[in-house]
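Chains as they are written, first to last, in this note's numbering: chain A, 1 to 140; chain B, 141 to 280. Built from N, CA and C at the ideal position, the CB exists for glycine as well. Keep in mind it's a predicted model, so treat the numbers as computed, not measured. Notes follow once the structure below has been shown.
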DNA sequence: TTGATAATTAGAACCATTCCAATTGATTGA
DNA sequence: TCAATCAATTGGAATGGTTCTAATTATCAA
């Protein structure tokens with residue numbers, strides 16, 4: 001394991017501990033799987049990749065770990081139409097572009113000013129805790 | 141049926157015909173159900189409401205009709221996390237606010253200028269055909 | 001009217017996800 | 001150190017929204 005991997009596992013342990021949760025080998029494998037290839041894998045994708053490092057891990061555990069990581073704010077869920085949920089370790093404010101040609105999900109940085117403008121369109125009675133912006137289209 | 145209902149059914153027929161599809165009693169009932177209460181019902185909701193006017197309609201037909209209406213650009217699908225798909229006859233550019241208190245989905249008008257700014261954050265290689273903006277939060 | 005095509009229908013199948021009950025693993029306190 | 005307790009993992013069953021299938025019914029065009 002590289003130094004930077006060890007560092008990210010440290011921050012994983014930190015955030016888990018903050019929520020009173022344990023650092024388990026399964027959680028480490030699932031989290032490092034997401035960091036390794038940031039291509040918005042599904043739970044099944046993560047399962048397949050995690051099994052390379054830990055052949056005994058179960059799909060149920062992958063779901064459990066992903067949910068835990070989401071709750072600890074280490075990763076984000078990405079939904080597109082009714083497809084399977086995808087997972088994303090990018091914590092910066094960003095939008096998603098769904099490429100209809102390839103099926104790929106691409107991160108698009110979101111300028112803070114635009115985020116503020118978006119929040120401003122809400123009537124005062126509505127207080128947003130999260131915004132999700134999704135583009136659908138084709139890459140040329 | 142009121143004059144305005146008849147008018148909307150006329151535009152339904154028009155758009156269906158444009159796509160080479162027939163105007164059926166089921167499609168009329170499903171469409172008018174969506175116009176009657178614009179509260180983003182699920183397919184099951186639409187089914188329950190449509191049955192009042194047409195007790196023999198089936199859930200499969202409701203799904204078929206909703207899909208047809210989406211394809212004819214008469215209604216929009218709204219997805220939120222992994223909940224059931226909801227349906228919306230509002231064709232103006234708008235965002236959705238999901239109220240965590242009530243579960244309600246609220247339309248929020250989207251200024252054209254903001255829409256343009258959003259499209260501008262995409263790299264030139266990505267051409268968006270649709271944008272979806274969803275807020276999650278609480279109403280106060 | 002007749003044949004072709006479109007639409008509806010009931011129920012089966014699907015698939016991502018969640019639930020459940022049993023087991024395994026880790027931590028705490030005697 | 002050794003229980004006792006609690007957390008986490010596991011395989012498989014169950015769930016729920018949606019889609020598929022095959023049969024029937026309705027509509028249209030010749």
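A straight line joining the alpha-carbon of residue 259 of chain B with that of residue 192 of chain B spans about 42 Å. Look at residue 277 of chain B: its C-beta is under 9 Å from a C-beta on chain A. Taken through DSSP and simplified to helix, strand or coil, residue 139 of chain A comes out as strand. In the DSSP assignment, residue 217 of chain B falls outside any alpha helix (DSSP H) and within the unbroken beta strand (DSSP E) covering 216 to 218.
Distance from the CA atom of residue 206 of chain B to the CA atom of residue 240 of chain B, rounded to whole angstroms, is 26 Å.
According to the DSSP assignment, residue 208 of chain B belongs to the alpha helix (DSSP H) that extends over 199 to 211. Looking at the DSSP output, residue 226 of chain B shares a beta bridge with B:182, B:218. Residue 221 of chain B has a beta carbon lying within less than 9 Å of a beta carbon in chain A. Residue 251 of chain B has a beta carbon lying within less than 9 Å of a beta carbon in chain A. For the set A:91, A:10, A:116, the Cα lying nearest the Cα of residue 108 of chain A is the one of A:91.
Each of A:18, A:37, A:116, A:56 was checked against the Cα of residue 68 of chain A, and the nearest Cα belongs to A:18.
The DSSP-derived three-state label of residue 9 of chain A is helix. Burial is judged here by how many other beta carbons sit within 10 angstroms of a residue's own beta carbon; residue 226 of chain B has at least 16 and is buried. Beta-bridge partners of residue 128 of chain A (DSSP): B:277. Residue 190 of chain B has its alpha-carbon roughly 12 Å from the corresponding atom of residue 175 of chain B. When secondary structure is reduced to three states using DSSP, residue 95 of chain A falls in the strand class. In the three-state scheme derived from DSSP, where H, G and I count as helix and E and B as strand, residue 33 of chain A is classed as helix. Note on geometry: alpha-carbon atoms of residue 171 of chain B and residue 111 of chain A lie some 39 Å from one another.
At least one C-beta of chain B is nearer than 9 Å to the C-beta of residue 77 of chain A.
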